[in-house]
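Some notes on the structure that comes next.
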Amino acid sequence: MAVRVGVLGATGAVGQRLIQLLEPHPEFEIAALTASESSAGKTYRQAAKWRVDSPIPQEIAEMTVTATDPDEVPNDVDLIFSSLPSSVGAAVEPGFCEAGYVVSSNSSNGRMDDDIPLVIPEVNAEHLDLLEVQRDRRGWDGAMVKNPNCSTITFVPTLAALTDFGLEKVHVSTLQAVSGAGYDGVSSMEIIDNAIPYIGGEADKLETESRKLLGDFDGAELSHNSMDVAASCNRIPTIDGHLENVWVETEEELTADAAAEAMREYPSLDLRSSPDPLIHVFEEPDRPQPRMDRTLGGGMAIAAGGLQESPFGLQYNCLAHNTIRGAAGASVLNGELLLENGYI
Ligand SMILES: NC(=O)c1ccc[n+]([C@@H]2O[C@H](COP(=O)([O-])OP(=O)(O)OC[C@H]3O[C@@H](n4cnc5c(N)ncnc54)[C@H](OP(=O)(O)O)[C@@H]3O)[C@@H](O)[C@H]2O)c1
1 MAVRVGVLGA
11 TGAVGQRLIQ
21 LLEPHPEFEI
31 AALTASESSA
41 GKTYRQAAKW
51 RVDSPIPQEI
61 AEMTVTATDP
71 DEVPNDVDLI
81 FSSLPSSVGA
91 AVEPGFCEAG
101 YVVSSNSSNG
111 RMDDDIPLVI
121 PEVNAEHLDL
131 LEVQRDRRGW
141 DGAMVKNPNC
151 STITFVPTLA
161 ALTDFGLEKV
171 HVSTLQAVSG
181 AGYDGVSSME
191 IIDNAIPYIG
201 GEADKLETES
211 RKLLGDFDGA
221 ELSHNSMDVA
231 ASCNRIPTID
241 GHLENVWVET
251 EEELTADAAA
261 EAMREYPSLD
271 LRSSPDPLIH
281 VFEEPDRPQP
291 RMDRTLGGGM
301 AIAAGGLQES
311 PFGLQYNCLA
321 HNTIRGAAGA
331 SVLNGELLLE
341 NGYI
């Protein structure tokens, strides 16, 4: 029997990707769609400007969108996927947990709370057990797990492959696609023929979330990784796919060949949405590229290339699809992990 799921923020850029991934998913069945008051009461076809690259599923198109309120979601829904603006997520997600729902959220609110697991399943699945601490502390029957920011997800799996060398300092510079800002995020007049060397709040997310993801959980408390991380974030006129340039200084000597081998051998998981290989390492010096490589592994793979030694340690590039691996696919994978671990 498929698990009945609800999607909060179902009409948005990430919400549409969630529907695209969940509708054919054998373990999940979409039973509730929510959005803002202006969409509530409309059919999904009327409420959503469908923009993803496959037809809107017929049965989803006819469903009625409700307001984002636990009372509007049927009781037999066991798992909620949330892709709300963070201010809205902060206001409504705890209410879903208090009502007993397990929530896999993509919104940034609460990501750094010390009792909310921030999870990339292939990197730190064991952090999921922080949910026991969360339930004790918050006194709710539900649960809340978060996936990281789209640009954090792009480079952290490559760092995870290198942890045996002792991560000390990481510099990362991003080239981020416009879909990362949502449909109304960046105007065409701003971004065409341009690059914007600032994305508000983004660098801080890369610097803090990466240390939490690569931290240790001892069953009671999570300690963050002590590596130094400096990030610089740039918006460029690509549609999907965040490309990142990374420099890593390690305690142990790290050659480009050893790093490539560690990335190639880094394991994926036996979960439906975890691609094998997880990290695709290119030999060609001009890859990965967003348009050519963002759909590797169904949009769930991380692509890496340009590995070389430099005065600032190992240097390389990496890429991931920001609305699939970086957002909707990340939430779905966390949903699969919740199911696998008996939280649903
Ligand atoms: N885009 C990405 O690549 C990406 C990557 C990682 C994380 N994220 C995060 O994912 C979340 C969603 O991003 P997005 O790009 O999908 O945004 P979006 O396209 O602007 O969609 C926002 C969704 O939230 C709903 N909503 C807005 N205000 C609401 C309210 N007051 N009450 C209830 N629902 C409300 C909207 O419904 P209406 O249609 O009715 O307005 C829509 O369904 C954000 O937190 C974002 O930071 C996005």
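Numbering (full-length UniProt numbering), first residue to last: 1 to 344.
All C-beta atoms in this analysis are idealised placements derived from N, C-alpha and C, irrespective of residue type, glycine included.
Taking DSSP as the reference, what is the three-state secondary structure of Q315? strand
Specify the secondary structure class of A61 as computed by DSSP and reduced to three states. helix
Spatially closest choice to H171 from P311, A10, W140, by CA coordinates: P311
Can you tell which of R235, R264, N245 has its C-alpha closest to the C-alpha of N194? R235
I'd like the list of long-range same chain contacts for L296, defined as Cβ closer than 6 Å, with 5 residues on each side in sequence excluded. H280, A303
Could you spell out the range, first to last residue, of the alpha helix (DSSP H) harbouring F282? Here F282 belongs to no alpha helix (DSSP H), and DSSP marks it neither H nor E.
Does DSSP put Q308 in a helix, in a strand, or in coil? strand
Selected residue, minimal CA-CA separation from D218, among E126, W50, M1: E126
In whole angstroms, what separates the C-alpha of T208 from that of S104? 20 Å
For Q315, which residues from the same chain have a beta carbon less than 6 Å from its beta carbon, with the 5 sequence-adjacent residues on both sides left out? W247, Q308
For G166 and E252, what's the separation of their Cα atoms in angstroms? 6 Å
Drop a sphere of 10 angstroms on the beta-carbon of G335, count the other beta-carbons inside from all chains shown, and report buried for 16 or more, exposed for fewer. buried
At what residue ranges does the segment 122-175 contain a whole run of the alpha helix (DSSP H), taking only runs of 4 or more? 130-138, 150-160
Under the three-state DSSP convention, the category G219 falls into: coil
In chain order, what residues of the same chain lie with their CB nearer than 6 Å to the CB of V290, ignoring the 5 residues before and after it? In the sequence as presented, Val is not what sits at residue 290; that position holds Pro. For P290, where only same-chain residues beyond five positions count, the Cβ hits under 6 Å are T238, G241, L243.
Is DSSP giving N334 helix, strand or coil here? helix
Quickly, what does DSSP pair I80 with across the bridge? List them, please. G6, V103
Residues bridged to I116 (per DSSP): Looking at the DSSP assignment, I116 forms no beta bridge with any residue, so it has no partner.
What does a CB cutoff of less than 6 Å around A231 pick up in its chain, not counting 5 residues either side in sequence? V172, A203, L206, E207
L84: beta carbon under 7 Å from a heavy atom of ligand 2? Although ligand 2 was asked about, the structure shown includes only ligand 1 as ligands.
Assigned secondary structure, E249 (DSSP; H/G/I helix, E/B strand, else coil): strand
Rounded to whole angstroms, what is the Cα-Cα separation between G180 and T323? 7 Å
Using only the heavy atoms of ligand 1, determine whether one of them is closer than 7 Å to the beta carbon of Y101. no
Could you have a look at S87 and say whether DSSP puts it in helix, strand or coil? helix
Spatial distance of A229 from K146 (CA atoms): Per the sequence presented here, residue 229 reads as Val, with Ala not at that position. Those two C-alpha atoms are separated by around 21 Å.
So, helix, strand or coil for V229, using DSSP? strand
So is the beta-carbon of C150 under 7 Å away from any non-hydrogen atom of ligand 1? yes
Closest to I30 by CA distance: which of S82, G110, G89, L118 is it? S82
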